[in-house]
Amino acid sequence: MHYMLKVYNKEAKEERTVTIINWNGWDLEEIPNIDNSLSFMKQVWNVENKITGTNKHVTHTTVIHGVSGTRRTSAYCIINILCRQLTSRGSCAIVTTAVLIRKYRYNVLKYKVLFATVLIAVLNYAADIKLIKRNELNLGEAIKIITNAMTSKEKDKFEIKNLKLADFNVYYEYIHSGGNFNIEGDKIVSLLNVQVELNVPDINLVRFDPREGKWIFLIDIPNVAYYTAVTTFENTITCAGGWNANALCQTYDTRIGKWDQIACLAAPISGGKSIENQNSIIVAGGYNNDSTDVIQAYNKRKNVWDILDIKLPISNYCSSRIVL
């Protein structure tokens, strides 16, 4: 769908025309029709060229917005950038471009269906502009392999004990599964909830000691959850809520290697963000059927959660957290 919107501002001398191009033909769970995807992209390019024309000094902005989340939107942005790279220099940098976009938005190409979509789109565009021959056997085989990988029932294999620290940092950023990576003195403690991503439920909590250069597997969390709100304070790790256990608050004592539970959340959520001090734990936002603006606090002395009167400016979950 293609819309033209006239915008007026009393302080501006002339009206402004906003062009809106909308495409709803992309199911998140499947590779979309690539021909339609590239056609949509080229339509956007044509509109940009009409606005700019031959005047190189005309300034215009293209705003790309996903109506149902950021994942398909970011995949489209990457396809757009890669195709422009192919047009201008005959080659493209897929991984570098994806990493760059991830600096500005998490979850980019988190799912392999989106990565497969990018690969197939780039191959087809390269054929469109005659960088490769569309009737070549290798092109068809490459697309077939990528497509078949989406229906493969084989599970990814993952051995965390073989990872080096730098690799672990990269991998943890990639899965973005809701835990936190905290550095305290000479020990690095991380909660890994990768059960859903990699189907390896035995990986929960690990500790890395740089002095020994070894990963140590700790006792599994009793109630497996992911997208938990995680804090560390002194010798305790607290996991509040999370999918599969959205009301539970589970604590791990690193001194004795034991899991325990405190009072349940006042408002069950997953994907919240939390901070902790000596007296309390505060969990902001989260998701339960929908995103929430609720802020709830745990009183350590009374062992009780309460919903605070103050709320977040907007409802959100899986947000960023900065502690000053």
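Position one of the sequence shown corresponds to residue 0 (numbering that gives the first Met the number 0), numbered consecutively onward.
Ideal Cβ placement from N, Cα and C applies to all residues, glycine included.
Bear in mind the structure is a predicted one, so any value in this text is a computation, not a measurement.
For the alpha helix (DSSP H) containing Val121, list its first residue and its last residue. 111–127
Going by CA-CA distance only, name the one from Gly240, Arg210, Ile19, Asp252 that's closest to Ile218. Asp252
Helix or strand or just coil, what does DSSP make of Leu136? helix
Are Asn298 and Ser269 closer than 9 Å when you measure CB to CB? no
Report yes if the CB atom of Val107 is closer than 9 Å to the CB atom of Ala97, and no otherwise. yes
Rounded C-beta distance between Val223 and Ala266? I'm assuming under 8 Å. That pair is no contact at about 21 Å.
Check the C-beta distance from Gln295 over to Asp308 and give it rounded, since I have them as a contact under 8 Å. The Cβ separation is near 11 Å, so there is no contact.
Within a Cβ cutoff of 8 Å, which residues of the same chain sit near Ser90, ignoring the five residues on either side of it in sequence? Gln84
Could you spell out the range, first to last residue, of the alpha helix (DSSP H) harbouring Val98? 93–101
So Ile220 is in the alpha helix (DSSP H); what residue range does that whole segment cover? It is not in any alpha helix (DSSP H) - Ile220 carries neither H nor E in the DSSP assignment.
Which residue's Cα is closest to the Cα of Lys206: Ala228, Ile236, Tyr225? According to the sequence displayed, residue 206 carries Arg and not Lys. The shortest Cα separation from Arg206 among Ala228, Ile236, Tyr225 belongs to Ile236.
Run the CB neighbour count on Ile313, radius 10 Å, all protein chains shown included, and call it buried at 16 or more, exposed below. exposed
Short Cβ contact (9 Å threshold) for Val43 with Asn79: yes
By a C-beta neighbour count over all protein chains shown, 10 Å radius and 16 as the cutoff for buried, is Ser73 buried or exposed? buried
Cβ pair Cys82, Leu37 closer than 9 Å: yes
Does the separation of the CB atoms of Ala283 and Ser290 fall below 9 Å? no
Along the chain, where does the beta strand (DSSP E) that runs through Ile280 open and close? 279–283
Does DSSP classify Trp25 as helix, strand or coil? coil
With a threshold of 6 Å on Cβ separation, who are the neighbours of Lys163 within its own chain once the five nearest residues in sequence on each side are excluded? Unreliable placement is indicated for Lys163, whose pLDDT of 47 sits below 50; the coordinate value is still reported in the next sentence. Cβ neighbours of Lys163 beyond the five flanking positions: none.
With DSSP run on the structure shown, which of helix, strand or coil describes Leu4? strand
Quick one: which unbroken beta strand (DSSP E) runs of 3-plus residues sit fully inside the stretch 254–278? Chain order, please. 257–261, 272–275
Where do the ends of the alpha helix (DSSP H) carrying Ala246 lie? Run containing Ala246: none; DSSP gives neither H nor E here.
Enumerate in chain order the residues of its own chain whose CB-to-CB distance from Thr230 is below 7 Å, with the five nearest sequence positions on each side excluded. Thr237, Ser273, Ile274, Glu275, Ile280
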